Structures are given as structure tokens and as C-alpha cells.
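Beneath this line is the structure, given in C-alpha cells, with notes to follow.
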Ligand SMILES: *Cc1c(COP(=O)(O)O)cnc(C)c1O
């Protein structure tokens, strides 16, 4: 079958929950993807901030293959060495104390919310605790994660959500203060909003929220699923601000392609929240995915991934700023590190289609923003290559 025939098959078999780009990807090499017909694409999406190490990393692949031959799965009723090593390393890089492995980002958010509710319940026995989340946030598609997602369009068809969620505005501390009460058990936010439009939390907002949390023993939950894992030039974006959460979530680049996530907490929360019987997962933290995490964390260090982000990100920022100056239809550049967005005054679908046509993979965030979340191993030359193609795509749109 050719590519078009596969696409037709897909549309007959898969539930239509995505308006997919008309490409069947077949393999990857470094920062390039190849479709079924052998056409090469520079990839500035990385499977939505997942493939940090680039495609076909031999050391990573070999570690996975070795684990497949050894042991894929047991159960969380037993210990396994890859999970022990992965947890130990994750504690080191995050500075958190306790780890729970999940199969996805949304599940990590579910666990974080459960831990926060249990923590509050143990304190006062009430069952009407509230959580404050942010407008324009994104935390995943399961019912709990959706309930704290600040996009009514995603929530409405599935109402009622889990109860007692209040929404404040990111970077507006007064909007948070107005919602805080003695029922509040947690404040959840992405350190940098991803889906919602590449919007970083201001340092003073984050510090203000942290102060409220400390004063009232409210738990701060930072969702680092997209902005974490080195993307901002820090292992976790909150480390840049020096604002440590009580609970944090991580996923996406954590396994660099194997489905895995985690929520982590401080010892204080660990001792006073979820206990035996409160939470579980069949697959979460199995030897296979944990062998991937372990290798990813090793390779981050050996290959100086964060150093590369610190070197290339300012260059990407500068080149995007130049584009903004040059094209009137670009109204703003925002983001941090290798997590950047260009805001246009019109929908960007045509530009993304044009870029794909010319061999560049880009993704949107909302209708008007192009999001740049490349593999963390990109070079300045890759940035130049991306900018050239993007300019062509913008140019043929007559946006000048
Ligand atoms: C992607 C994402 C999620 C959901 O992760 P899944 O693995 O798709 O469930 C949650 N929070 C943030 C910030 C994300 O970017």
C-alpha cells in the first residue's frame, strides 16, 4: 500500500479524535523523520516534547532491547532493579523525595491530585476540599486531569467534572488570593503553560503562590510534563525559579518514547498522603519503561543535554525574534529555552502545512501559535535550517 492508501485505512479504522496531517512517518534518525515515501523532515516537534535525545539513539535502543530479553513486566507487588535505579536517579535530578511511576502524563496528574486530597483529609477529615487551577492550563484528558484543565472547550461535553475546582489567572496573584480559603488543599499549575500558549509563570507570581501555600499548608503542585526534562536549560523549570513544589509531575521526555510518567513529592507529603492500598497501577514503573528512564537520565548527563539547551536556546530565541521583527503577522514570541512559541494574528494551520510540504515538522498550540519543542540535541545549524524553511512557508502566505 502507498501512503495515501494507508491514510484512508486509518480514517476507516481509527476513532477520529485528531485532524491529522497527511503523513505516515516511517523512521527517524537524529533530528530528522522520514515518511513512508522516503521524504526527509527536520523535526521541531519531537513527538510533542518527547524525543529529547533524537531518534535512533543507539545506546538508548540497546538498553531497551537488553531489557526486553531480560524481563518486561512483573507487578508492583515485587521490586525490580530498573525501577529502583530510575527512582534513585529521578530523586537526584529533581531534589524530590518520593516517586510514583505512571503510564502517562494524565495519570501522573491524577495521582498528584489524589495525594493532595488525601493529605488534606488526613489533617481535618473534611471531604469538601478545593483545588485552585489556572485558566488556559492543560493537564491531560482523563476525568481528573480534565477537571483541572483551564479550557472550558475541553471540559464542557464531559461535565460534570470532579468537584470543587476553582480557576485563577496565571500571573495574577490577586486572582489566586481571592479563591484561597480554609477549604483549599492544593494549587496546581504548569511552570510554563504548554498547550495553552507557551506562557511561563512569572517568578514573582510563582513565589507569591508558594508563600500562600506555605502560610496555609496548601500543597503546590507543579506540572512539569512538558516543560521539564531539561527543556528550559534546567532539569525542571521550577529549579530556574528556585520555587520547589510539594508535588510535581513529569512525563513526555522522561521515557523518550516509551509511555511513562511519574509524580514526585517531598518526604513531608510522602509520609502524610497516599499509603498502601490508596493508589496503584498494573504497568506503571515496570522494568521495561524504567530501563528507558534510567538510560535517558544517564544519557542526559553523558551527552551534556542541558548544556546543549543552554547553548542553542538563546540562538533559537534570537532567530525567532528576528522573524517577529520582519513579519507583521507575528505579534509575539514567548516561551523559555527550547520551548518557544510564535504568536500570529491569524490561524497557523496553513503555515504548518506549507512547512511540512517543504520538509519541516512544526506543531501549533491553539489556533494562532506555532510551537517549537525540538529534540534537545538540535544544533544552531538545525535552527538556521528550520528558520529558512519556516520563512518560505510564511512568505508564500504573503504575510509581510
Ligand atoms: C501532555 C501533557 C499532559 C498529559 O500527558 P499525557 O501523557 O498526554 O497524558 C499533562 N500536562 C501537561 C503540561 C502536558 O503537556
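Residue numbers (the numbering used here): 1 to 400. Yeah, the Cβ is synthetic: ideal placement off N, Cα and C, and Gly gets one too. Note that this is a predicted model, so its numbers are computed, not measured.
Using a 10 angstroms sphere on the CB of residue 74, the tally of other CB atoms stays under 16, which defines it as exposed. For residue 12, the three-state secondary structure derived from DSSP is helix. Pairing residue 54 with residue 375 gives a Cβ-Cβ distance under 8 Å. Shown here, residue 162 sits in coil according to DSSP, grouped into three states, outside any helix or strand. Assignment of residue 335 by DSSP, reduced to helix, strand and coil, places it in the strand class. Of 155, 380, 212 and 347, the smallest CA-CA separation from residue 313 is found for 380.
Between residue 320 and residue 360, the C-beta gap is not smaller than 8 Å, which leaves the two residues out of contact. Around the beta carbon of residue 57, a 10 Å sphere encloses 16 or more other beta carbons of the protein chains shown; the residue is thus reported as buried.
For residue 35, the enclosing beta strand (DSSP E) covers residues 32-35. In this structure, the C-beta of residue 23 stays at least 7 Å away from each heavy atom of ligand 1.
Residue 340 sits away from residue 173, with the two beta carbons spaced by 8 Å or more. Separation of residue 227 and residue 248 (C-alpha to C-alpha, rounded to the nearest whole angstrom) is 12 Å. If you look at residue 40, you'll find it isn't in any alpha helix (DSSP H); it sits in the beta strand (DSSP E) that goes 40-43. Rounded to the nearest angstrom, the gap between the Cα atoms of residue 149 and residue 138 is 5 Å. The segment 152-165 and the segment 199-216 do not touch, with fewer than 3 CB-CB distances between them shorter than 8 Å. The beta-carbon distance between residue 132 and residue 187, rounded to whole angstroms, is 5 Å. This is short enough to meet the 8 Å contact definition. Short of 6 Å from the beta carbon of residue 382, and not among the five residues preceding or following it, lie these beta carbons of its own chain, in chain order: 31. For residue 136, the shortest separation between its Cβ and any heavy atom of ligand 1 does not lie below 7 Å.
Taking a C-beta distance under 8 Å as the contact criterion, residue 351 and residue 394 qualify as a contact pair. Here residue 362 is near residue 44, since their CB atoms are less than 8 Å apart. DSSP places residue 271 within a helical segment (H, G or I) once states are collapsed to three.
When distances are taken from the beta-carbon of residue 190 to the heavy atoms of ligand 1, the shortest one is below 7 Å. Distance from the CA atom of residue 191 to the CA atom of residue 237, rounded to whole angstroms, is 6 Å. Counting only runs of at least 4 residues, the segment 37-100 fully encloses the following alpha helix (DSSP H) elements, listed from N- to C-terminal order: 46-49, 58-70 and 81-94. For residue 27, the pairing in a beta bridge is given by DSSP as 34. Pairing residue 221 with residue 108 gives a Cβ-Cβ distance that is not under 8 Å.
Residue 292 counts as buried, since at least 16 other C-beta atoms from the protein chains shown sit within 10 angstroms of its C-beta. In the structure shown, the three-state DSSP call for residue 225 is coil. With fewer than 16 neighbouring CB atoms inside 10 Å of its own CB, residue 22 falls in the exposed class. Here the alpha carbon of residue 253 sits roughly 4 Å from the alpha carbon of residue 50. With a cutoff of 8 Å on beta-carbon distance, residue 42 and residue 116 are scored as not near each other.
For residue 272, the closest C-alpha among the options 69, 83 and 217 is that of 217. Annotation: the continuous beta strand (DSSP E) that includes residue 264 extends over 261-265. Residue 342 sits in a strand when the DSSP states are folded into three classes. Around the beta carbon of residue 67, 16 or more other beta carbons sit within 10 angstroms, so the residue counts as buried. The beta carbons of residue 12 and residue 281 sit about 33 Å from each other, so the pair does not count as a contact at 8 Å.
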